[in-house]
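Here the structure comes first, spelled out in structure tokens, and everything after it is commentary.
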Amino acid sequence: MEPLLQVRDLTIRYRSAGPAEGRAVEGVSLDVARGEVVGVMGESGSGKSSIALALLGLLSKDCAEVSGSAVFRGEDLLSMNERLLQRVRGAGISMVYQEPGMALSPVMRAGMQIAEVIHAHREMSWKEATSEALTLLARVGLPSTDRIFSAYPHQLSGGQLQRVALAQGLACGPALLIADEPTASLDARSQSEFVSLLRELNQSSQISLLLISHTPEIQASLADRILVMKDGRIVDQGSFDRLYSHPSHPCTSALLRRNRSAIGHENPQSENAAHEQFTP
Ligand code: ADP
Ligand code: MG
89 MEPLLQVRDL
99 TIRYRSAGPA
109 EGRAVEGVSL
119 DVARGEVVGV
129 MGESGSGKSS
139 IALALLGLLS
149 KDCAEVSGSA
159 VFRGEDLLSM
169 NERLLQRVRG
179 AGISMVYQEP
189 GMALSPVMRA
199 GMQIAEVIHA
209 HREMSWKEAT
219 SEALTLLARV
229 GLPSTDRIFS
239 AYPHQLSGGQ
249 LQRVALAQGL
259 ACGPALLIAD
269 EPTASLDARS
279 QSEFVSLLRE
289 LNQSSQISLL
299 LISHTPEIQA
309 SLADRILVMK
319 DGRIVDQGSF
329 DRLYSHPSHP
339 CTSALLRRNR
349 SAIGHENPQS
359 ENAAHEQFTP
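Under the numbering used here, the first residue of the sequence shown is numbered 89, with each subsequent residue one higher.
Listed below in structure tokens is the structure:
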């Protein structure tokens, strides 16, 4: 079966990078099948977010040179004009950021931000869009949807905000969700709830996920396959179990171990739970 997304030889060079800095992403190829969860791990600066931005057409020509191809449902995202990209964003691919504030305006009620997307892109009346927004708030597991709908972002917790941002991302029924460190700003409990929510969405609606996260527990519980990046390249890939038991690059084991002990310092209980669950 043809993959939903087929990236070939993606290379990104920021124009502001000095001659010594080289390319942010170098010859990356990856596939995402329908319903598949592909994890991306790698130390800070290894090029993970740059890939996400390039796929959504958010790296302007003035800012970066992007080459290669990224075929999504038969069309190359990297050669699309802005008008076509706007059609893909939201309805084909949407993105959840580390900081939910990135996607939300501070001066507009949370629910209206979702309703606005629905009204603009799905030819629904405001009344229908409002009711659909409430349905989406419930779908992402938020209780008392009326209250959340009317709240301003600063009145909501980090976990609630990330769910609102996710509901907005789902508003146009994307086939692929790119999540860039979606739980990094959340406390331990909201993290694990958000991970369960992503799993449930993936399973119930076959939405594919490109999941950028440096947390091994999250990758282990969600990703069908994990790509390990270093200095802009993919240096290892496979299932979590394969990477854990037979890493083929020193970076892989360093990433899995270092983060595991970092989590242990913050929350020894979750460390132990993760260990029982994932140690082969
Ligand atoms: P990651 O998400 O894995 O931390 P990034 O994709 O953000 O990595 O960054 C990859 C490389 O590109 C890093 O060396 C970073 O400094 C550089 N970089 C990222 N954004 C820009 C930018 N707007 N201008 C110049 N260099 C950038
Ligand atoms: Mg990043």
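Note that the Cβ used here is the ideal one computed from N, Cα and C, for glycine as well.
- Message: I need the DSSP call for Y332, collapsed to helix, strand or coil.
- Response: Along the sequence shown, read from residue 1 onward, the residue named residue 332 stands at position 244. Helix.
- Should M317 go down as buried or exposed, given a rule of 16 or more other Cβ atoms within 10 Å for buried? Position 229 of the sequence shown, counted from the first residue, corresponds to residue 317. Around the C-beta of M317, 16 or more other C-beta atoms lie within 10 Å, and the residue is accordingly described as buried.
- Item | R103, buried or exposed, once every other Cβ within 10 Å from all chains shown has been counted against 16 | Here residue 103 refers to the residue found at position 15 of the sequence shown. Exposed is the call here.
- State the Cα-Cα distance for the pair L118 and G257, rounded to the nearest angstrom. Sequence index remark: in the sequence shown, residue 118 carries index 30 (1-based). Sequence index remark: in the sequence shown, residue 257 carries index 169 (1-based). In this structure, the alpha-carbon of L118 lies about 23 Å from that of G257.
- Task: Could you tell me if the beta carbon of V136 falls within a distance shorter than 8 Å of some heavy atom in the ligand ADP?
- Result: On the sequence shown, position 48 is the one that residue 136 refers to. Looking at the sequence shown, residue 136 is not Val but Lys. Yes, Cβ of K136 sits closer than 8 Å to a heavy atom of the ligand ADP.
- Query: Around the Cβ of H302, are there at least 16 other Cβ atoms within 10 angstroms (buried) or fewer (exposed)?
  - Reply: In the sequence shown, counting from the first residue as 1, residue 302 sits at position 214. Classification for H302: buried.
- Task: Compute the Euclidean distance between the alpha carbons of V126 and D234, then round it to the nearest angstrom.
- Result: Against the sequence shown, residue 126 aligns to sequence position 38. Against the sequence shown, residue 234 aligns to sequence position 146. So the two alpha carbons sit approximately 34 Å from each other.
- Nearest to V184 by alpha carbon, out of G320, E305, R330, L297? In the sequence shown, the residue the question calls residue 184 occupies position 96. Checking every option, the nearest Cα to that of V184 belongs to L297.
- Hey, is D268 close to the ligand MG, as in C-beta under 8 Å from one of its heavy atoms? Sequence index remark: in the sequence shown, residue 268 carries index 180 (1-based). Yes; taking the cut-off as 8 Å, the Cβ of D268 has a heavy atom of the ligand MG nearer than that.
- What's the C-alpha gap between L244 and A108? For this step, residue 244 is matched to residue 156 along the sequence shown. For this step, residue 108 is matched to residue 20 along the sequence shown. Rounded to whole angstroms, the separation of the alpha carbons of A108 and L244 is 44 Å.
- Name the DSSP beta bridge partners of D268, please? By one-based count along the sequence shown, residue 268 stands at place 180. As DSSP reads the structure, D268 sits in a beta bridge with I300.
- Among residues of its own chain, excluding the 5 on either side of P231, which ones have a beta-carbon nearer than 6 Å to its beta-carbon? Locating residue 231 in the sequence shown gives position 143, counting from the first residue. Once the five neighbours on either side are set aside, P231 has no close Cβ partner at all.
- Would you say I300 touches the ligand MG, meaning its beta carbon is less than 8 Å from a heavy atom? What you label residue 300 is simply residue 212 of the sequence shown in a count that begins at 1. Within the cutoff, so yes.
- L141 by DSSP, collapsed to three states: which one? Residue 141 sits at position 53 when you count from the first residue of the sequence shown. Helix.
- Task: Would you check if the distance between the CB atom of P241 and the CB atom of G189 is smaller than 9 Å?
- Result: What you label residue 241 is simply residue 153 of the sequence shown in a count that begins at 1. What you label residue 189 is simply residue 101 of the sequence shown in a count that begins at 1. Between P241 and G189, the C-beta gap is smaller than 9 Å, which places the two residues in contact.
- Task: Determine the closest residue to V176 out of E187, Q186, R161, with distance taken between C-alpha atoms.
- Result: To locate residue 176, count along the sequence shown from 1; it is residue 88. If we check each option's Cα against that of V176, R161 comes out closest.
- According to DSSP, which residues form a beta bridge with Q94? Here the question's residue 94 lines up with position 6 in the sequence shown. DSSP lists D119, V159 as the beta-bridge partner residues of Q94.
- Do you know how far the Cα of I139 is from the Cα of M168? Residue 168 sits at position 80 when you count from the first residue of the sequence shown. Residue 139 sits at position 51 when you count from the first residue of the sequence shown. Computed Cα separation, rounded: 16 Å.
- Start and end residues, beta strand (DSSP E) containing G326: Start at 1 with the first residue of the sequence shown, and residue 326 comes out as number 238. For G326, the enclosing beta strand (DSSP E) begins and ends at 321 to 326.
- Message: Can you find the residues in the same chain that come closer than 6 Å, C-beta to C-beta, to H337, ignoring five residues on each side of it along the sequence?
- Response: In the sequence shown, residue 337 corresponds to position 249, counting from 1. So the qualifying residues of the chain are V323, D324.
- Item | Anticipated Cβ contact below 8 Å, G180 with L264, distance rounded | Here residue 180 corresponds to residue number 92 of the sequence shown, with the count starting at 1. Here residue 264 corresponds to residue number 176 of the sequence shown, with the count starting at 1. Rounded to the nearest angstrom, the Cβ distance from G180 to L264 is 7 Å, consistent with a contact under 8 Å.
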